[in-house]
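The numbering used here applies: residue 1 is where the sequence shown begins, and numbers increase by one.
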Amino acid sequence: MAPGAGAAGVGVLDVQRLDTLDESACAAALAPLFEGAPRYLRRLCAARPFGDEDRLFGRALEVALDMPVDEQVELIDAHPRLGAPAAEVSALSFREQGFDRPTSDVPDLKTELARLNEAYERRFGFRYCTFVAGRSRAELVPEFRARLGNDRDAERETALRAVVDIARDRAARLAREADEPA
Numbered sequence: 001m002a003p004g005a006g007a008a009g010v011g012v013l014d015v016q017r018l019d020t021l022d023e024s025a026c027a028a029a030l031a032p033l034f035e036g037a038p039r040y041l042r043r044l045c046a047a048r049p050f051g052d053e054d055r056l057f058g059r060a061l062e063v064a065l066d067m068p069v070d071e072q073v074e075l076i077d078a079h080p081r082l083g084a085p086a087a088e089v090s091a092l093s094f095r096e097q098g099f100d101r102p103t104s105d106v107p108d109l110k111t112e113l114a115r116l117n118e119a120y121e122r123r124f125g126f127r128y129c130t131f132v133a134g135r136s137r138a139e140l141v142p143e144f145r146a147r148l149g150n151d152r153d154a155e156r157e158t159a160l161r162a163v164v165d166i167a168r169d170r171a172a173r174l175a176r177e178a179d180e181p182a
């Protein structure tokens, strides 16, 4: 990933270059895709070389699923709450959650998301994480409610898979944007 290029200061993913960076630079390059999560990023960078994007994201999932539970929770909790105030989310999450475009969110939606976040975090001990891009917050509420019925281990795995899906989508979106004429 070339530093400084693309949206939100994130560059296009260059896996061959990523494979040559020292651990700190690798972690810094991947951090925007994974919302930080320092222990995860150290583990992921230690799993190099990746060679290509498919192997990178395959290893990203393997690392996420194999980490101790406290590190898995740290990775999940690096993502903002669904419906968090716009000022509290990263630039990439800002776009994914639709803050960059008009919404038809009803006033009760904010209250419902706060209630769901509280119930979810109380039940599972970590934040709700789902692939948001392209869906409104209102569209996500039924899924959010349904996932409250999962068991903790299944829900943690679902959230970890979402983290990697989000990162893969972010990398693809940034590549598309880099190819668009200025």
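The beta carbon of each residue, even a glycine, is placed where N, CA and C say it ideally should be.
Which ranges does the alpha helix (DSSP H) cover as unbroken runs of at least 4 residues, wholly within the stretch 115-157, from first to last along the chain?
137-147
For Ser24, does the count of other Cβ atoms within 10 angstroms reach 16, so buried, or fall short, so exposed?
Residue mapping note: residue 24 aligns to position 24 of the sequence shown, counting from 1. The residue is exposed, with fewer than 16 neighbouring Cβ atoms inside 10 Å.
Do Arg39 and Glu71 come within 7 Å of each other at the CB atom, strictly closer than that value?
Sequence index remark: in the sequence shown, residue 71 carries index 71 (1-based). Sequence index remark: in the sequence shown, residue 39 carries index 39 (1-based). Closer than 7 Å, so yes.
Grab me the residues of Ser189's own chain with a C-beta within less than 6 Å of its C-beta, minus the 5 sequence neighbours each way, in chain order.
Residue 189 lies beyond the range of the chain shown here (1 to 182); nothing can be said about it.
Could you have a look at Leu61 and say whether DSSP puts it in helix, strand or coil?
In the sequence shown, the residue the question calls residue 61 occupies position 61. Three-state result, Leu61: helix.
Given a threshold of 16 other Cβ atoms within 10 Å of its Cβ, counted over all protein chains shown, does Gly83 qualify as buried or as exposed?
The residue you call residue 83 lines up with position 83 of the sequence shown. Gly83 should be labelled buried.
How is Leu113 classed by DSSP in three states: helix, strand or coil?
Taking the sequence shown and counting its residues from 1, one reaches residue 113 at position 113. Of the three classes helix, strand and coil, the one that applies to Leu113 here is helix, per DSSP.
Can you check the stretch 23-85 for any beta strand (DSSP E) of at least 3 residues that lies completely inside it and give the ranges in chain order?
none
Throw me the rounded Cβ distance for the Ala78 and Val63 pair, which I believe falls under 8 Å.
Position 78 of the sequence shown holds residue 78. Position 63 of the sequence shown holds residue 63. The pair is not a contact, with the Cβ atoms about 14 Å apart (cut-off 8 Å).
Can you tell me where the alpha helix (DSSP H) holding Leu18 begins and where it ends?
Within the sequence shown, numbered from 1, the residue matching residue 18 stands at position 18. Per DSSP, Leu18 belongs to the alpha helix (DSSP H) from Val15 to Thr20.
Which one of Phe124, Asp19 and Thr20 has the shortest CA to CA distance from Ala154?
Residue numbering aside, residue 154 sits at position 154 when the sequence shown is read from its first letter. Here the closest residue by C-alpha is Phe124.
Note down, in chain order, each residue of its chain lying with its Cβ closer than 8 Å to the Cβ of Tyr120, except the 5 sequence neighbours on either side.
Residue mapping note: residue 120 aligns to position 120 of the sequence shown, counting from 1. Contacts found: Arg127, Tyr128, Phe144, Arg147 and Leu148.
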